[in-house]
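In order, the protein sequence lines correspond to chains A and B. Count the first sequence with full-length UniProt numbering and you get residues 1 to 424, in order. Count the second sequence with full-length UniProt numbering and you get residues 1 to 424, in order. The beta carbon of each residue, even a glycine, is placed where N, CA and C say it ideally should be.
Protein chains: 2
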Amino acid sequence: MPQVPKDGSAEVTKGCGPLIPPLSEITRPLRQQVFDRVRAAGQIPRVQLAKELGVSPASVTTATQELMEAGLIEEVSVLREGDQGRGRPAVALGVRPDAHRVVGMKLSDREHTAVIVDFAGRLIADDTIPRRPDVMDLNSLLDATETLLDRVCAKAGLSRSDLSAVGLGVPGFVDSSSGRVFWSPVLTARDVALSSAATQRLGLPVIVDNDANLVTLAELWFGAGRRLSDFAVVTIEHGVGMGYVINHRIYRGFTGLGMELGHTKVQLDGALCRCGQRGCLEAYVADYALAREATTALNWTNKEGQSISILLESLYDHAKAGNTAARSIFRRAGRYLAVGLSNVINIFDPELIILSGERMRYDYLYANETLAEIKNLAIATGKPLPPIEIHAWGDLLWAHGAAALALSAVSEDRLLPGRELAAQ
Amino acid sequence: MPQVPKDGSAEVTKGCGPLIPPLSEITRPLRQQVFDRVRAAGQIPRVQLAKELGVSPASVTTATQELMEAGLIEEVSVLREGDQGRGRPAVALGVRPDAHRVVGMKLSDREHTAVIVDFAGRLIADDTIPRRPDVMDLNSLLDATETLLDRVCAKAGLSRSDLSAVGLGVPGFVDSSSGRVFWSPVLTARDVALSSAATQRLGLPVIVDNDANLVTLAELWFGAGRRLSDFAVVTIEHGVGMGYVINHRIYRGFTGLGMELGHTKVQLDGALCRCGQRGCLEAYVADYALAREATTALNWTNKEGQSISILLESLYDHAKAGNTAARSIFRRAGRYLAVGLSNVINIFDPELIILSGERMRYDYLYANETLAEIKNLAIATGKPLPPIEIHAWGDLLWAHGAAALALSAVSEDRLLPGRELAAQ
C-alpha cells in the first residue's frame, strides 16, 4: 500500500469511490469537434467525419444539421477520384465563407496592423499604421484601435455593423478567457481589463490574446495546423513568445497564462529582463537584449529616440564584416536560443518547431552553430530532432492570427450554448 | 497577405482547400471516453455521462452496452440523495473490479518493487527485492523481472495465466508506444526493445514507461487526477522526472519522449549530467549531484560501494548542525529546483504541482527559501502561484503507477479495435 504522505495533503483512493463532482470537460461537444474538423479539412464528406471522430453517422448528421442551421457550414459538391465529370458528384461539407466577417489587429512597439477576413479566412482588406516605440496608456491604445478599425473598414467598404468580432493581439501576459492584460510592454498600467474596455469603445465584441498565440492561431487555422496535430511556434522579435498546439488545439494552460517560454529562466541571477526578473530567455535573445550590448560593441552612445532596428541592422552588418564583439553578441544569442529550443524539445517533443517573427531574417539565429548546439542540448535518443522551420512573416501574419482568434470566438459563441460574446 | 517565407518551407493556405489526408485523431472513440469517465468517477449515472460528454443519451447507451459486453464495466445501484432507503435505487455505472488483474513493476537503482491489482486498482499483493545500485545488462534485468513476478504471484496465490498484462517502469528515456528504452541509468545498452524482450520472457504482454509517467498515472488513476484536469508531477530521486496531465490524460509528446524536465538546461556549459550532457536540471538537484559535492563538503573519500543514501543522510545531518558547506549544497539544489519548477509554471500554468519521490522527506527541497525563489522566478501576473503539494511516497506508489499503465493498456486494447496486446 502506498504510504500516507507526510503532510496529509492527499491520499490514494482506490476502487469505486463515492460520486465525485463532475469533471471539467474531457472533450468538447460533438458539433464543435465536427466544425473544427470541417474547418481544418476545407472540404470533408460526412462519412469520413464519422470515421475520424469515432461516432455513428447518425450523430454526425445531427451535428452537421445544427451547424448548417446556424449558418456556419454548407454542403459543397466535390468530384470523386476517377469520376472525371461522369456520374453524380459527392457531397462534402465546408465552412460558409460569408457567414461572418471579422477584424484582426496586432499592436506592437513599432506599428499597428489590421486585417478584415471572411469566415473562411480570406483577406478582404488590410491596413498598417507605423508608430513611435513607446508605452501607451489605455486611452491612447483604445484611440489607436479605433483609428485602425475605421481605416480598415473604409478600405473594405464595410461598416462596423457588418463585422461580427474583433481579435486584438498585444505582447505580454494576457489571459484571453477573462480578457485581462496582466503586463504588456505596450501598456503603462498592469492588470488592465482590455477586452471589456475595447468592446465598449469599438461597439463590437473584442477578444484579446498574447501575440505569440496569434501567430500560433494563424498557423493552426491557415498554415501548418492543417497537416499537423502537435507543434510549437516560437516568436522572436521585441520579445520571445511561444504558442503550442496539442491535438489540433492551442494549449494555454489551466488559467490561460502558460507558454511563457521567453520568461523561463536559463541562468540563475542572469541578465535583467524587461519583465523585471533576471535570467529570462528573452533577456539574452530578444531585440532589446541585443541592442543593449550593441551600443557597447559599436561604441554608440544610446541617443534618445534611436531606433532599435537601425542599431541591430548596423550590428548585423558589423558582424558580417568580421567585428568580433558584434559576432560574440549574435553567437551568445544563438546559443541561448539553442537552450530555449532544446528545452522545448525536451519538454514537449513536438512534431515541428516553427520559428516566426521579423527578426528571423537574421540568419545567425538559425545558423548551423545554433542547430548544432540544439543537437548537443536535446536529449540523446538516437532519433532525429524535430524539424525546425523558419517563417519570416511580418505583422500581417500576426493580424491574420488575431482574425483567427475572432473567428474562433465567433464559432465557439455560436457552438457553445450559454456562452455569449459581450458587445455594447 | 502574409509574405512568402524565406525558405519556401510552408505557405499560408486559405479558404476551402482541397481534401487533405485524414488528420490524426482529435478525439478518442466515444466508448473509450465513456470508460475513462466511469473509471475516474467511480460510479456515474448514464444521464450524467451524456451531459458531461455532450452527446446524446442514445450514444452513451450504445457505448456502455459495448463496454458491458466486453466485461469492463457493470451496473451498480446507488442511493439517490434524500432516498433514505425508500423507493428504487438509481442505477449507475462502475468499473468491474474482477475484469482483469495486472502486475505493476518498478525497477530502480536501489530496489525492484511489484504489485498485483484488480481492474478497480485494489491491491492484491506486493513484493520488494532490494538490490545493489549498479547498471544491468538486459538479461539480468529480465531475470530480475521474472523473479519478482514469480514471488508476487506466489504471495497472491495466482499463476501467470490469471494475469492480463504487466506494466514495467524504468528510469530514463522511454517510448511507451514502441516499447523501446533509448537510455536508462539501470541498463548498460542504449536503444533496447525492452517491451518485446520482457513480453517474450514473461509470457505476458509487457508495457514499459518512464518511471515519472508511472507516478503521474498513479496520481491520475487513484489520486489527484480524480479531481483535477491539468497538473504536473515532478519526481526527485536518483534523477528528476516529470509527468504532465492535460485534460485528464497524460501528455507524452508527439513521439512519446517529452516531459524530460530533468534534462532541460538551466545553465549553459553547466554541471555534468549522467546523461552525458551539461547543465541539465538533474545535474544540480538529483541524488548523485548532491552526492558528488557531499564527498567534498564532508571530506569523505568516495569508497567503493558507499551508499548514496548514507552519504546524503550524513550531509543532511551536517547541514542541520550548521555545516556551511553542507548547507550551501542544499541551498544551491533548492535554488535550481526553484528554477525548474518556475519554468514548469511559466510554460504549463498548471492547476497543481505535485512533488513526489523518496527524497522529498528532505525538507530543504521545499523549504521556505525555495518557495520564495519560485515566486521570484515565475511570471508576475498578480495571481497566486499554483499550489505545490509534497507526496513523499515510496516505490510502492511507482509500482501502483506501473499497474495503472497495465490497466490503461488492457482497457485501450479492449476498447480500440485493431490494437492488440502482443503476448506469447
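Ala263(A) versus chain B: which residues are under 7 Å apart at the beta carbon? Position 263 of the first sequence holds residue 263(A). Reading the sequence as shown, one finds His at residue 263(A) and not Ala. Ordered by position in chain B, the residues that pass the 7 Å Cβ test against His263(A) are Asn346, Ile379.
Between the CA atoms of Glu111(A) and Arg131(A) - distance to the nearest angstrom: In the first sequence, residue 131(A) corresponds to position 131, counting from 1. In the first sequence, residue 111(A) corresponds to position 111, counting from 1. Spanning the two alpha carbons is a distance of roughly 5 Å.
Can you tell me where the beta strand (DSSP E) with Tyr244(B) in it begins and where it stops? Here residue 244(B) is taken as the residue at index 244 of the second sequence, counted from 1. Counting along the chain, the unbroken beta strand (DSSP E) around Tyr244(B) starts and ends at 240-246.
Local Cβ density within 10 Å of Asn139(A), reported as buried at 16 or more and exposed below that: The residue labelled residue 139(A) in the question sits at position 139 within the first sequence. Exposed, by the Cβ-count rule.
Contacts around Ile26(A), its chain only, beta-carbon distance under 6 Å, and the 5 residues preceding and following it disregarded: Residue numbering aside, residue 26(A) sits at position 26 when the first sequence is read from its first letter. Note that Ile26(A) scores a pLDDT of 35, beneath 50, so its modelled location is shaky; the value from the coordinates is reported in the next line. Exclusion of the five residues before and after Ile26(A) leaves no residue of its chain whose Cβ lies closer than 6 Å to its Cβ.
Three-state secondary structure (DSSP) at Pro21(A)? Sequence index remark: in the first sequence, residue 21(A) carries index 21 (1-based). For Pro21(A), the predicted model reports a pLDDT of 24, less than 50, meaning its position is unreliable; a value from the coordinates is still stated below. When DSSP states are grouped into helix, strand and coil, Pro21(A) belongs to the coil group.
Please list, in chain order, all residues of the same chain as Thr13(A) whose beta carbon is under 7 Å from its beta carbon, the five residues on each side excluded. As a working note, residue 13(A) is residue 13 in the first sequence. Reliability of the predicted coordinates at Thr13(A) is poor, the pLDDT of 29 falling under 50, and the value obtained from them is presented with this limitation in mind. Hits under 7 Å: none found.
What are the start and end residues of the beta strand (DSSP E) that includes Arg180(B)? Taking the first residue of the second sequence as position 1, residue 180(B) is located at position 180. Its beta strand (DSSP E) spans residues 180-183.
Can you give me the C-alpha to C-alpha distance between Thr62(B) and Ala40(B), rounded to a whole angstrom? Position 62 of the second sequence, counting from 1, holds the residue named residue 62(B). Position 40 of the second sequence, counting from 1, holds the residue named residue 40(B). Approximately 20 Å, taken between the alpha carbons.
Comparing C-alpha positions only, which one of Ala144(A), Thr199(A), Ile116(A) sits nearest to Leu163(A)? On the first sequence, position 163 is the one that residue 163(A) refers to. Checked all of Ala144(A), Thr199(A), Ile116(A); the closest Cα to Leu163(A) is Ile116(A).
Pick out whichever of Lys106(B), Ile236(B), Gly94(B), Leu142(B) has its Cα sitting closest to the Cα of Phe119(B). Your numbering for residue 119(B) matches position 119 in the second sequence. Among Lys106(B), Ile236(B), Gly94(B), Leu142(B), the Cα nearest to that of Phe119(B) belongs to Gly94(B).
Which word fits Val47(A), buried or exposed, when buried means at least 16 other C-beta atoms lie within 10 angstroms of its C-beta? Translated into positions along the first sequence, residue 47(A) becomes position 47. So Val47(A) ends up on the exposed side.
Residues sharing a beta bridge with Ala114(B), DSSP: Your numbering for residue 114(B) matches position 114 in the second sequence. For Ala114(B), which the question treats as bridged, DSSP gives the partners Met105(B), Asp127(B).
Report the residue from His100(B), Phe182(B), Gly357(B), Ser408(B) whose alpha carbon sits nearest the alpha carbon of Ile390(B). On the second sequence, position 390 is the one that residue 390(B) refers to. Checking every option, the nearest Cα to that of Ile390(B) belongs to Gly357(B).
Excluding the 5 residues preceding and the 5 following Ala197(B) in the sequence, name in chain order all residues of the same chain whose CB lies nearer than 7 Å to its CB. The residue labelled residue 197(B) in the question sits at position 197 within the second sequence. Result list for Ala197(B): Leu138, Leu142, in chain order.
Can you look up Ser77(B) in the DSSP assignment and give me helix, strand or coil? Numbered from its first residue, the second sequence carries residue 77(B) at position 77. DSSP places Ser77(B) in strand when its eight states are reduced to three.
For chain B, check one thing: does any of its Cβ atoms lie closer than 7 Å to the Cβ of Pro350(A)? One-based indexing of the first sequence puts residue 350(A) at position 350. Yes, because at least one Cβ of chain B sits closer than 7 Å to the Cβ of Pro350(A).
Output, in chain order, the set of chain B residues within a Cβ distance shorter than 8 Å of Ser164(A). The count along the first sequence starts at 1 and reaches residue 164(A) at position 164. Within chain B, no residue comes near Ser164(A); the closest Cβ sits about 18 Å away, beyond 8 Å.
Leaving out five residues before and five after Arg274(B) in sequence, what residues of the same chain have Cβ atoms less than 7 Å from its Cβ? Locating residue 274(B) in the second sequence gives position 274, where the first residue counts as 1. Here the set comprises Pro185, Tyr288.
Over the uninterrupted beta strand (DSSP E) stretch that includes Phe231(A), give me the two end residues. Against the first sequence, residue 231(A) aligns to sequence position 231. Taken as a continuous stretch (DSSP letters only), the beta strand (DSSP E) holding Phe231(A) covers 231-236.
Evaluate the contact criterion for the stretch 338-347 of chain B versus the stretch 371-378 of chain B: three or more CB pairs, one atom per stretch, below 8 Å. yes
Please identify the residue among Leu204(B), Leu315(B), Leu397(B) whose C-alpha is closest to the C-alpha of Phe222(B). For the purposes of this step, residue 222(B) is taken as the residue at position 222 of the second sequence. When each option's Cα is compared against that of Phe222(B), the closest is Leu397(B).
Name, going along the chain, the residues of the stretch 195-216 of chain B whose beta-carbon falls closer than 8 Å to a beta-carbon of chain A. none
According to DSSP, residue 425(B) sits in a beta bridge with which residue or residues? In the structure displayed, chain B extends from 1 to 424; residue 425(B) sits before or after that span and is not available.
Residues near Tyr251(A) in its chain [Cβ-Cβ closer than 8 Å; skip 5 each side]: Within the first sequence, residue 251(A) is the residue found at index 251, counting from 1. Taken in chain order, the residues that qualify are Tyr244, Val245, Gly258, Met259.
Excluding five sequence neighbours on each side, which residues of the same chain lie with their C-beta closer than 7 Å to the C-beta of Ala378(B)? Here the question's residue 378(B) lines up with position 378 in the second sequence. Cβ neighbours of Ala378(B) beyond the five flanking positions: Ser342, Ile345, Asn346, Leu385.
Counting pairs of Cβ atoms below 8 Å between the stretch 171-179 of chain A and the stretch 150-157 of chain A, do you hit three or more? no
Would you call the CB atoms of Phe254(B) and Glu351(A) closer than 7 Å? Within the second sequence, numbered from 1, the residue matching residue 254(B) stands at position 254. Within the first sequence, numbered from 1, the residue matching residue 351(A) stands at position 351. Yes, they are a contact pair.
Quick one: is Ile310(A) buried, meaning 16 or more other Cβ sit within 10 Å of its Cβ, or exposed? Walking along the first sequence from the start, residue 310(A) turns up at place 310. So Ile310(A) ends up on the exposed side.
Test: Asp127(B) CB closer than 7 Å to a CB of chain A: Indexing the second sequence from 1 puts residue 127(B) at position 127. For Asp127(B), the answer is no, since every Cβ of chain A falls outside 7 Å of its Cβ.
Whole-angstrom distance between Lys106(A) and Leu49(A), CA atom to CA atom: By 1-based counting over the first sequence, the position of residue 49(A) is 49. By 1-based counting over the first sequence, the position of residue 106(A) is 106. Leu49(A) and Lys106(A): Cα-Cα distance of roughly 34 Å.
Check whether chain A comes within 7 Å of Thr27(B), counting only Cβ atoms and requiring the distance to be less than that. Against the second sequence, residue 27(B) aligns to sequence position 27. Any reading at Thr27(B) needs caution, since the residue's pLDDT is 47, under 50, leaving its predicted position unreliable; the model's value is listed next. Chain A contact via Cβ: present.
Listed by chain order, chain A residues near Gln65(B) by CB distance under 7 Å: Translated into positions along the second sequence, residue 65(B) becomes position 65. What Gln65(B) touches in chain A: nothing, since even the nearest Cβ is about 13 Å away.
Counting only runs that start and end within the stretch 171-226 of chain B, where is the beta strand (DSSP E) found for 3 or more residues in a row? 173-175, 180-183, 206-210
Compare the C-beta of residue 494(B) with all C-beta atoms of chain A and state if any pair is closer than 7 Å. Past the edges of chain B, shown from 1 to 424, lies residue 494(B), and the structure says nothing about it.
Chain B partners of residue 429(A), CB-CB under 8 Å? Coverage of chain A is limited to positions 1 through 424, which leaves residue 429(A) absent and any answer about it impossible.
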